[in-house]
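These notes are about the structure you will find just below.
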Amino acid sequence: MNTILSNSSLKVSIKHAGAELFSIKDYQNNEYIWEGNPAFWGKHSPVLFPIVGTLKNNTYTINNKEYQLPRHGFARDMEFELINETDSSATFSLQSNSETLQKYPFEFELQLLYSLAEKELTIGYKVINKGADKIPFSIGAHPAIALPAAFERYSFKFEKDEVLKYNLLENDLISNKTEVLETTANLVPLKYQLFENDALVFKTLESDSLTILENSKPYVRVNFEDFPSLGIWTKEQAPFVCIEPWFGYSDTAENSGDLFQKEGIVILEANQTFHSKFSIQIF
Numbered sequence: 000m001n002t003i004l005s006n007s008s009l010k011v012s013i014k015h016a017g018a019e020l021f022s023i024k025d026y027q028n029n030e031y032i033w034e035g036n037p038a039f040w041g042k043h044s045p046v047l048f049p050i051v052g053t054l055k056n057n058t059y060t061i062n063n064k065e066y067q068l069p070r071h072g073f074a075r076d077m078e079f080e081l082i083n084e085t086d087s088s089a090t091f092s093l094q095s096n097s098e099t100l101q102k103y104p105f106e107f108e109l110q111l112l113y114s115l116a117e118k119e120l121t122i123g124y125k126v127i128n129k130g131a132d133k134i135p136f137s138i139g140a141h142p143a144i145a146l147p148a149a150f151e152r153y154s155f156k157f158e159k160d161e162v163l164k165y166n167l168l169e170n171d172l173i174s175n176k177t178e179v180l181e182t183t184a185n186l187v188p189l190k191y192q193l194f195e196n197d198a199l200v201f202k203t204l205e206s207d208s209l210t211i212l213e214n215s216k217p218y219v220r221v222n223f224e225d226f227p228s229l230g231i232w233t234k235e236q237a238p239f240v241c242i243e244p245w246f247g248y249s250d251t252a253e254n255s256g257d258l259f260q261k262e263g264i265v266i267l268e269a270n271q272t273f274h275s276k277f278s279i280q281i282f
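Structure, rendered in structure tokens:
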């Protein structure tokens with residue numbers, strides 16, 4: 000089942016499976032979200048919860064008891080309930096249940112809030128702690144922006160002129176090795192070689208947005224002022240790039256496994272609610 004939002008500028012489509020955004024089109028029929036061709040990557044814009052990235056041995060502990068979670072958690076593979084809808088907004092809900100409690104022993108509600116205004120789609124996250132104890136979690140976005148022209152015609156422009164230091168991944172885990180993303184006149188020309196070692200993981204950034212330029216003209220901007228970390232990823236020869244605002248990231252090789260001690264984790268008190276949002280702006 001799908002839900003469609005629209006206004007005078009854009010038409011947005013969201014699957015109830017994973018509450019996943021899978022289309023942003025303008026009225027010239029230009030598509031800005033990756034089509035999900037499984038030959039490259041079969042998703043569009045999944046939500047990452049209750050972890051971002053990969054756990055060491057896909058395992059974590061709570062009170063010395065072991066649990067397992069796949070890469071990026073389980074929310075993206077579950078059916079959400081549509082709980083509110085207007086012509087230009089929709090709210091989806093996922094509640095903890097017997098299935099989630101076996102993998103993640105906490106009572107929660109995860110809401111995704113989509114809101115369309117002019118040529119900008121805002122995606123809000125709400126995590127509600129419905130239990131009597133603190134809950135540890137990470138949450139992140141994974142929107143794949145479609146690139147219809149040749150990959151080399153695109154470039155990145157970060158909001159601020161800063162040293163773009165990122166951590167390298169080794170066996171899907173965060174390593175202590177870092178590199179600096181080279182810029183030319185504050186631009187990063189896109190090339191597939193940037194992603195030879197998988198995603199670029201920025202633990203911290205000064206910039207609150209990243210603009211994708213096509214032939215030096217603004218194409219899409221992702222605004223992520225609420226989020227401390229950012230991932231950027233694509234696959235060899237794939238006609239898309241993912242701009243991924245995150246709270247948290249993969250384990251390090253030294254990680255103890257205790258989810259409460261995980262680097263980048265969010266701790267939410269009992270009966271409290273976490274809010275964050277990012278947006279995708281079309282030019």
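Throughout the sequence shown, residue numbering follows numbering that gives the first Met the number 0, covering 0 to 282 in sequence. From the three backbone atoms N, C-alpha and C, an ideal C-beta is built for every residue, glycine too. Because the structure is a prediction, the values reported are computed rather than measured.
Taking the Cα positions, Phe39 is about 6 angstroms away from Ala237. When DSSP reads this structure, Leu20 sits in a beta bridge with Ile13. Here the alpha carbons of Phe239 and Gly256 stand approximately 33 angstroms from one another. Shown here, Gln271 sits in coil according to DSSP, grouped into three states, outside any helix or strand.
Glu213 is bridged by DSSP to Tyr153 and Lys216.
Beta-bridge annotation (DSSP): Gly123 is paired with Leu112 and Lys276.
Leu267 is positioned such that its CB atom lies no closer than 9 angstroms to that of Phe73.
For Glu161, the closest alpha carbon among the candidates Ile50, Phe201, Ala16 and Lys234 is that of Phe201. Burial check for Glu243: the Cβ neighbour count within 10 Å reaches 16 or more, so the residue is buried. The stretch 149-157 and the stretch 208-216 touch, with three or more beta-carbon pairs separated by less than 8 angstroms. Within a 10 Å sphere around the beta-carbon of Ile82 sit fewer than 16 other beta-carbons, which makes this residue exposed. A direct Cα-to-Cα measurement between Ser249 and Leu193 gives close to 19 angstroms. When C-beta atoms of the stretch 4-22 are compared with those of the stretch 95-108, fewer than three pairs fall below 8 angstroms, so the two segments do not count as touching. The beta carbon of Asn254 sits closer than 6 angstroms to those of Lys55, all from its chain and outside the five residues before and after it, given in chain order.
Where Leu81 is concerned, the enclosing beta strand (DSSP E) starts and stops at Glu80 to Glu84. DSSP, read as helix, strand or coil, puts Leu180 in coil. Ala269 is the residue among Ala269, Thr58, Ser275 and Pro49 whose C-alpha sits nearest the C-alpha of Gly130. Shown here, Glu169 sits in a strand according to DSSP, grouped into three states. Minimum Cα-Cα distance from Ile281 among the listed residues Asn1, His15 and Tyr26 corresponds to Tyr26. Val46 sits away from Phe246, with the two beta carbons spaced by 9 angstroms or more.
9 angstroms or more divides the Cβ of Ala145 from the Cβ of Phe79.
Assignment of Gln260 by DSSP, reduced to helix, strand and coil, places it in the helix class. Ranked by how close their Cα comes to the Cα of Ala143, the residues Ile264, Asn36, Asn28 and Thr272 have Asn36 in first place.
In this structure, the alpha-carbon of Ile23 lies about 37 angstroms from that of Phe259. A check of alpha carbon separations from Ser88 across Asn62, Ala252 and Ile13 identifies Ile13 as the nearest. Counted as a single uninterrupted DSSP element, the alpha helix (DSSP H) harbouring Leu100 occupies residues Ser97 to Lys102. Looking from the CA of Trp232, the closest CA among Leu204, Phe21 and Leu167 belongs to Leu167. If you ignore the 5 residues before and after Gly41, its C-beta comes within less than 6 angstroms of the C-beta of Gly35, all in its own chain and listed in chain order.
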